[in-house]
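Asker:
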Amino acid sequence: MLPPNFPPLEDIFRLAPELVLCVFGILIMLVDPFIPRAYRGPTRTLALLGAGLALAAVRLPAVHQGLAFYGLMRIDSFSVFLHAVIGAVTVLVILGSSDYLKREGLPSGEFYALVLFATAGMGVMASAQELVTAFIGLEMSSIASYILASYRRNAPRANESAMKYFLLGSFATAFFLYGVALVYGATGTTLLPQIDRAAANPTLLRLGLGMIFIGLAFKVAAAPFQLWTPDVYEGAPTPVTALLSSGPKAAAFALLLRILVTVVAASQLWFWALWIAAALTMFAGNLAALVQSSVKRMLAYSSIAHAGYILVAFAARNEIGTAAVLFYLVAYALMKLGAFTLIAHLGGEGERRLEIDDYAGLGEQQPVAAACLALYLLSLLGLPVTAGFLGKFYIFNAALKSHLVWLAVLLAVNSVIAAYYYLRIIVVMYMRPAQQEWPPLPIPAAVGLVLLVTAAGTLYLGLFPGIVMNFAAQSALLLR
Amino acid sequence: MPNAYLLTVITFLPLAGSAALLLLRRDDHAWIRRLALVVSLAEFVISLLMLRGFDAASPFYQFEERRAWMLSPPILYHLGVDGISMFLVLLTTFLTPLALLASWNNIEKHVREFFVMLLVLETGMIGVFFALDLFMFFVFWEVMLLPMYFLIGIWGHERRIYAALKFVLYTMAGSVLMLVGILWLYNITGSFDLPVIQGLLQSGRVGLAPRAELLLFGAFFLAFAIKVPLFPLHTWLPDAHVEAPTAGSVILAGVLLKMGTYGLLRFCLPLFPEASRRMAPYVATLAIIGIVYGALVAMVQPDLKKLIAYSSVSHLGLVVLGIFAFNTISIEGSIYQMLNHGVSTGALFLLAGMLYDRRHTHLISEFGGLATPMPVLSALFLFVCLSSLGLPMLNGFVGEFLILLGTYGHNARWASFAATGVILSAIYLLWAYQRVFFGGVTAERNRALPDASGRERVILFTLAAVILWMGVGSAPFTRRMEASSQHVLNQMLRPQSYNAGRSAVPAGTAAVEKPAAPASLRGEAGNP
Amino acid sequence: MLLLNHLWIIPALPLLGAALNGLFGWRWPKRATDAVGVGTTGLAFAAALELIREFSRLPADQVPWVRPYFSWITAGNFRAGFDLQVDQLTVVMLLVVTGVGWIIHIYSIGYMAHEGGYPRFFAYMNLFMFFMLVLVMAANYPLLFVGWEGVGLSSYLLIGFYFLRKSAADAGKKAFIVNRIGDFGFMLGIFLIYRTFGSVDFERVFHSAARMPSESGGQIGLLTTISLLLLAGAIGKSAQLPLYVWLPDAMEGPTPVSALIHAATMVTAGVYVVARSHVLYLHAPMAMSAVAVIGGLTALYAATIGLVQTDIKRVLAYSTVSQLGYMFLACGVGAFSAGIFHLFTHAFFKALLFLAAGSVIHALGGEQDMRRMGGLRQKIPWTYWTMLVATLAIAGAPGFSGFFSKDTILFQARVSPYGSALLWALGLSAALLTAFYMFRLVFLTFHGAPRYDEHAVHVHESPRNMLVPLVVLAVFSVSGGWMAAPALFGGADHFEHYLAPVFEGPKTLESLPVEGQGLELQLAGVAVGVAALGFLVAWWFYIRRPQTPERLAETVRAPYTLLLNKYYVDELYDLIFVRPLGWVSTRLLWRAVDEGGIDGAVNGVAQTTQRFGDRVRHLNSGNTRSYAAWVVVGAVLFIAIFLWPLLRPLIGTVR
Amino acid sequence: MSAELALFLLLAALAVAGAVSLILQRHPIHSALSLIVVMVSLAGLYLLLGAEFIAAVQIIVYAGAIMVLFVLVIMLLNAGVEERTNLSRMAQYAGLPLGIFLMVLLAYAIGRSTVSQAPPAAAAAGPAPTKALAMMLFQDFVFPFELTSILILIAILGALVLAKREI
Amino acid sequence: MVPISYYLVLSAVLFGLGVVAFVFKRNIITIFMAIELMLNAVNLAFVAFSRALGQLQGQVFVFFVIVVAAAEAAVGLAIIILIARNRQSLNVERVDLLKL
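Residue numbers (the numbering used here), protein chains in the order written: chain C, 1 to 480; chain R, 1001 to 1528; chain Y, 2001 to 2655; chain D, 3001 to 3167; chain E, 4001 to 4100.
1. Using a Cβ-based criterion (distance less than 6 Å to any ligand heavy atom), does D1239 (chain R) qualify as near the ligand NAP?
2. Per DSSP, what kind of secondary structure is P1515 (chain R) in: helix, strand or coil?
3. Once you ignore the five residues that flank A1507 (chain R) on each side, which residues in its own chain have a CB closer than 6 Å to its CB?
4. Alpha carbon to alpha carbon, how far is L1391 (chain R) from R2079 (chain Y)? Give it in angstroms, no decimals.
5. With a threshold of 7 Å between beta carbons, is V4065 (chain E) in contact with chain Y?
6. Return the residue from the list R:L1145, R:L1041, R:W1184, R:E1456 that minimises the CA-CA distance to L404 (chain C).
7. Is there a Cβ from chain R that is less than 7 Å from the Cβ of I2220 (chain Y)?
8. Following the continuous alpha helix (DSSP H) through E1332 (chain R), name the residue where it begins and the one where it ends.
9. Whose CA, out of C:R40, C:M122, C:Y39, lies closest to the CA of L15 (chain C)?
10. Taking 7 Å as the threshold (C-beta atoms), are G1473 (chain R) and G1406 (chain R) in contact?
11. From which residue to which residue does the beta strand (DSSP E) around M1070 (chain R) run?
12. For L1233 (chain R), which residues from the same chain have a beta carbon less than 6 Å from its beta carbon, with the 5 sequence-adjacent residues on both sides left out?
13. Between Y:E2054, Y:L2015, Y:H2362, Y:P2029, which has its C-alpha nearest G1964 (chain Y)'s C-alpha?
14. Please list, in chain order, all residues of the same chain as A1347 (chain R) whose beta carbon is under 6 Å from its beta carbon, the five residues on each side excluded.
15. Quick check on DSSP: helix, strand or coil for H1488 (chain R)?
16. Beta strand (DSSP E) containing V1081 (chain R): first to last residue?
17. Counting only the same chain and skipping the five closest in sequence on each side, list residues whose C-beta sits under 6 Å from that of D1239 (chain R).
18. Please give me, in chain order, every unbroken run of the alpha helix (DSSP H) with length at least 4 that falls completely inside the stretch 2625–2652 of chain Y.
19. Could you give the DSSP three-state label for I425 (chain C): helix, strand or coil?
20. Beta-carbon within less than 6 Å of I195 (chain C)'s beta-carbon, same chain only, minus the 5 sequence neighbours each way: which residues are those?
21. Closest to A3056 (chain D) by C-alpha separation, out of D:V3016, D:G3080, D:I3110, D:T3130, would be which residue?
22. Hey, how far is the Cα of V385 (chain C) from the Cα of S303 (chain C)?
23. With a cut-off of 7 Å, does the C-beta of V1143 (chain R) fall near any C-beta of chain C?
24. For I2104 (chain Y), which residues of its own chain have a beta-carbon under 6 Å away from its beta-carbon, when the five flanking residues on both sides are left out?
25. The stretch 456–477 of chain C: which residues have C-beta closer than 7 Å to a C-beta of chain R, in chain order?
26. Chain D partners of M73 (chain C), CB-CB under 8 Å?
27. For the stretch 1309–1322 of chain R, which residues have a CB atom closer than 9 Å to at least one CB atom of chain C, in sequence order?
28. For M1481 (chain R), I'd like the list of residues in its chain whose CB is within less than 6 Å of its CB, leaving aside the five on either flank, ordered along the chain.
29. Assuming V2472 (chain Y) contacts F2400 (chain Y) under a Cβ cut-off of 8 Å, what Cβ separation, rounded to an integer in Å, is found between them?
30. Give the secondary structure of Y178 (chain C) by DSSP, where H, G and I count as helix, E and B as strand, and everything else as coil.
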């Protein structure tokens, strides 16, 4: 006996993943107090179960596509694609973080709960087509991330990264929100599909969309809003960094993409901004990464650079570009997750082994780990038969499709610059003898699983991108 | 049809071999070496099968394999071989076992990985020569970088890391732009399939604006020119050669450099004829500068390997010149010279490596009077030098002669300048030879150096035999290149280029019949 | 008809010998090496004789007799085959090469008996024979070029035979490289020939060239260019001005080598090529005069240097250069047969001179400086008399072979349409000097008082296997001339007639009126007188008043030292070419351009990028306020972009 | 000049003044109080705009709960007068001027853009706006509303994880 | 009847002042207040617009914003407390371990 205005069951199905995540998050919170600290099994199992179920539940929206909750949410294959990605990311992050939490002696229950909630938020961002709803999703993931970033409470660096992330994040959010307000004022609606239809006040609309762009550009760490990224990524616990660099970023890109594709005004207005941001971001990331001495921080900068690459595809503003973005998000998530998980593991007690030089001779000490890291790096570099290469390939393709030759050339130049610092790590790992002896760390099963999945995925997508790419292309088409 | 999978087998056999190597225990060096050698020899034998059933008369790709690989964008698994690529592949499969033998017991660390790398490298190189899909070509082109990078970086000498990075970054700088070019071409023609693109461009169904053609040409040319290496872009070569282990140098000089000239021949000329013609004078100038410059710089090198490296710059300049003289004779000469250079320079590097194994230095000043302790080695060294400086009846001469002959037919001035290289090569090679082998033994420690061992004799006499054979009986080779190199020129013919009367093909040297569409063009002409 | 159909046998024989000695010689007994080395050459000689017999039976219309074997280089419609041919010219060259070659091989057995690397020596010699035979039998230019380069190679190897001696190695290298410079022109010549005639086979080239109009004196047309390019090669190979510098140094090689390669055969290849391509030259008057002038000048120039040299072999070397000059002179004035004839006779007496000199050196235990010789006449009579014969021959004493050939050349230089008084004068003065320095050599070596330490070296006559070749050659040096003795000396000029089919050039002799014959007599008389004068001066200087030369040298110091130092040409070349090349390559190209310029640029780019990276990195000061400031900057930037249409008017008003 | 306008100007002035003093005050407590001033004046403006419910929420939640929290934390950490360090040249020379410029820019752009003014009749939307508001909140926007509950949950969790004393 | 654009300009000014405050202040807590100020400006804009458009949505959004602000406040203040605990300063410029 449901209340009269209870939303139809369809809507519940369409939002199954988010619901599952929230439910399990709450469940963990309820269970956690009743199990002793030392005993982490159940919460992890629950978390994995939740993430896994959410991932499985993606099937439901996949079959019941359409609008939900009075058109606030739009479940199409685009959002399904992203839900799949985000779900997978969550599963991997949970797998990768469990041993880390144990090693660092951090409470695990809240951690998992927060991860699940954050994921739910990202899911909302991925499928919301109403700005305020999207905003709330954004806030869910952001606030959860703030907390996760400072999860190592007693590590000053962790607090600092959390503080910076929090202050600057909410600063940007304010911009985003003001943009929403202006758009609302200009058009009288916040539903993306109606924005174009409404008789808009041009100036306000421009301003609003502009503010929204600024807010999201910050979230995806586009230059000149990228400065927070290295500090936050470096300070945060590495598994969290893995999450931040893949999940929320993907969600933010998704939102940006949805706006770009749905709102014609935006795609017209944003072009040059995208162009400039893309160029700036690529250079900002790569140039700074060139001179880093810590692997973790270098990868943070490299993630900026990659955001730049993705923005190139944005600037292309065509289906191929959309598909390219989607594919790249997958490839990128794989590489970064793998890399950061591995670094988290190699970092050792209290993450002390982060300098590039500490990796000297890794190729001999831990061939497997070194090989995996090399693979991720080469994929980030964009060498063929890795996912990274095809991602870049599709981006090039999109850019050239809409005649952005010079942007493509800039991208080319950047990938050469990038080659230098990625190869430098490989050099250190394989071509330099170890200076001081780090004890070789056996790879625990969970981490091993993550590495296996990510490495295999990287290679597989590099050789046979067909499945993912077709899915991406099709969702890109349906997005219009 | 028995040959249905021949090319695939040839391409991936070494890869399989390297996988097999990984199954062996890493300290079981004896078996690792043997297995690697067996694989590479088997590879060579199989690659010889191409000769059987290769139709020398047909200019088109043979043993073609065409399967869909990816759908959007449409990328094919497309292999094929013609008179140009076949010999280069044979060269590769011929040099690899020798390189293996050369590094039989001078590799101290990571023996297994070393041989794995060599075999992977072989796959990469062969793939480059076979690939007929631009995407595939690029994939192999890039993949092949990596093993080379490791070969130099891990097993190289003192400044190996600098050299390795320089090598990779140089090459990438070019190849990434080539990727842009490839995709641009795709967005124009809607296909990555070389024959299809060729057909579309040539039939005029898809036109290229002159500026676009020029830019595309530039994008491809840069990548190839760096690989060749053409004059101002050559500085990666000496470092890479000096630092690389012997096997690395051999493969690098023997095959990798050819990929550049091969690319010019396979892509730049047929796809962008107008641009090629417009740029030909400049390219030729650079090539000639390279010839003289390389020779002169080689002359004064104190380091044997560096000397050989610069001599490569000089020789390949000649090859490029031959290619951009646009006529059958010179192009055939260029192809032939690629093979010669592969064999001769490969042999020179092997010899330098043998000296290095004995004395752990490449400095000429460290040697002197070696003819006394090691007569056989010195005799063979002289033999190789002679072939490299183009003595008639040895392989080098045939290539040089044809290139210069053809070039002279196209532009006498170019040929005259280029021919000075003939003098200079004699100077630097004989001088170096004299300093290393003639005179009394200068350093006491050289007096007791052992002469060529059995293994080394096997390597060197094989090479010597090939050198002599290619020098005396070049006809069997050139006969198989004839059609293909002619075809390159025919592909350069465009309707408008007729009317413009700028057909670069001198009357008589190139038949002017319209080339029929390649077999693979039928079926899917003009993808979206 | 065996050999006519299997011409390849003749070159193949020495090649076989070379291969055998080269591969197995070092483990064979010495005798086996001799057998192979000399045997194969002897067989080649026999084969050559047999071939000539068969060839003489051949109907005239089948000459030249060409046999294609296998195609060596083919590309497009270019074909260079391994094709051999025989015609009268080839026959002559065959005789010289195989005959003299064989004799010298025999001589070497004795001479080289005590040298290390004995088999190596014979391997190289046979290899040389092979390439030389290919050179003379080739039926197209590329194949000729094979022989051409091949003999260069063998000479490189043989000059550097004593590779432990740096001077020897240097000399070999020098020879090869200088030759290469000539070959550079030669190759271009071949290219131009192909571009002009669409073929490189002698028959087709000459056939089509013959039908081309002869180019006028001044103009440099295709044919002239071709001829001059080929001439460059010939100059290099035959050590003419200005590329003669390698030949004197080449004396570093063993004496038999000097005799065979640097006197009798290889160095004459240049003459052979010019004669072979006479069709082209006859159509290019300018090239002709170039040949003549170079020849004449070289003849005189080298002779002058020969006057004062003290090393016995070097004297002979310069005399060789001078004699080659004669041959060029002959060709240049259109008397090709005369040139070939001189080549023929010169092969005998110059080989003889070298071998005799070798015998002297052998006798004195390696002494080559004439200032430490003298009075050897009684001690080594055989050597003395044979050498005397050779000297008379080269000096042009009537009745000796040299007399006829040289006389013909001088006469042609005077009367032929291409000739001139100047050329004749050049030749004549060269003849004078030749007579002088040759007798100087003889007197210094064999006459007067011994100047060597008689207790240290005990002089001994050479073994028989060295003397027999001397005698044989002596016989030829005398009689060789008679087969070409012009009519007016009662001879029936077989040689000219024999070569006539090859050179349908200007038949000056037949077309000569009676007073022309008188003229020839006068000219001959002058030549003989000049030679006699040379002899007398030499006698006066070195027998009658032995101290005269020193006084003369004192009085005319400058020219003397100039000659003694060979006009400082080597130093000059070193200054002009060698040093600058080295400097430019090292300092400029390698250090400056390569490492400084290009690599510097590359590394510079890398460093600049790094520096930029450092800049960008320092944006992350770690201070949150800066980050916020950057956000504001970005916000303003983008809002400015977005509101551009709104702002533009404002900016307009500001301006 | 109507009373409404006068009132608006008064409140606006108050708000701006509060904001400025927020900036200028050196002690966090004073800043907090001036922020409260801003909020209260804003609540007044809401009333002027006829949004009684929001006005109430503004007072209760914002000025009441949130600001109290602020003050509490300030007390807890007994944060003293802030030290005006100038370590960031960027903020000083680029941030501030551009910030002010941004303000001007926004004000200018928005002020220049004529907002479509709805007829005052529609302005008083419906008889009881609060009821309509509730309907909208719990029907059209029920999903975001539920999400906010999760958001609060996260916040609680966060505060719990971060601020609790022991571990 | 006050024209709506007055309100909007006011909100813009407040927002701008918030931005300035964010850049200007050093004390982390006050910086956070600056954010609150900006959010308030947003709210004002929302309400003004909803009035202008004669809709109620705007007010609903304001409601959401306030909730979010509350949540942010909780977490933010918690983080600030951590900072204050781990290093005895609330000056944002002194918190710069992570740099370059």
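Every residue, glycine too, gets a C-beta built ideally from N, C-alpha and C.
Because the structure is a prediction, the values reported are computed rather than measured.
Answerer: Quick look at the numbers:
1. This structure lacks the ligand NAP; in fact it carries no ligand of any kind.
2. Because the pLDDT of P1515 (chain R) is 41, which lies under 50, any placement of that residue in the model is unreliable, and the number read from its coordinates should be weighed accordingly. P1515 (chain R) sits in coil when the DSSP states are folded into three classes, being neither helix nor strand.
3. Because the pLDDT of A1507 (chain R) is 40, which lies under 50, any placement of that residue in the model is unreliable, and the number read from its coordinates should be weighed accordingly. Nothing listed; no residue qualifies.
4. Between the alpha carbons of R2079 (chain Y) and L1391 (chain R) lies a distance of about 18 Å.
5. Cβ-Cβ to chain Y under 7 Å: no for V4065 (chain E).
6. Of R:L1145, R:L1041, R:W1184, R:E1456, the residue nearest in Cα terms is R:W1184.
7. No, because no Cβ of chain R sits closer than 7 Å to the Cβ of I2220 (chain Y).
8. Where E1332 (chain R) is concerned, the enclosing alpha helix (DSSP H) stretches over 1328–1359.
9. Distance check between L15 (chain C) and each of C:R40, C:M122, C:Y39 places C:M122 closest, using alpha-carbon atoms only.
10. No Cβ-Cβ contact shorter than 7 Å links G1406 (chain R) with G1473 (chain R).
11. In the DSSP assignment, M1070 (chain R) falls within the beta strand (DSSP E) that extends over 1062–1070.
12. Excluding positions up to five away in sequence, the list reads A1225, I1226.
13. Here chain Y comprises residues numbered 2001 to 2655, so residue 1964 (chain Y) is not present and cannot be evaluated.
14. Contacts found: V1384, L1463.
15. Correcting the residue identity first, residue 1488 (chain R) is Val in this sequence and not His. Residue state, collapsed to three classes: helix.
16. Segment 1075–1081, the beta strand (DSSP E) holding V1081 (chain R).
17. Here the set comprises A1163, K1166.
18. Assignment of alpha helix (DSSP H) within the stretch 2625–2652 of chain Y, counting only whole runs of 4 or more residues, yields no such run.
19. Helix, per DSSP.
20. Short of 6 Å from the beta carbon of I195 (chain C), and not among the five residues preceding or following it, lie these beta carbons of its own chain, in chain order: T187, V263.
21. Looking at the Cα atoms, D:T3130 is the closest of the given residues.
22. Cα-Cα distance, rounded: 20 Å.
23. The beta-carbon of V1143 (chain R) is placed less than 7 Å from the nearest beta-carbon of chain C.
24. Listed in chain order, the non-local C-beta contacts of I2104 (chain Y) below 6 Å within the same chain comprise P2256, A2259, L2260, local neighbours out to five positions each way being set aside.
25. Cβ proximity to chain R below 7 Å picks out P465, G466, M469, N470, A473 from the stretch 456–477 of chain C.
26. Per Cβ cutoff of 8 Å: F3143.
27. Answer in chain order: no residues at all.
28. Taken in chain order, the residues that qualify are G1083, E1332, I1335.
29. That pair is no contact at about 16 Å.
30. Correct three-state label for Y178 (chain C): helix.
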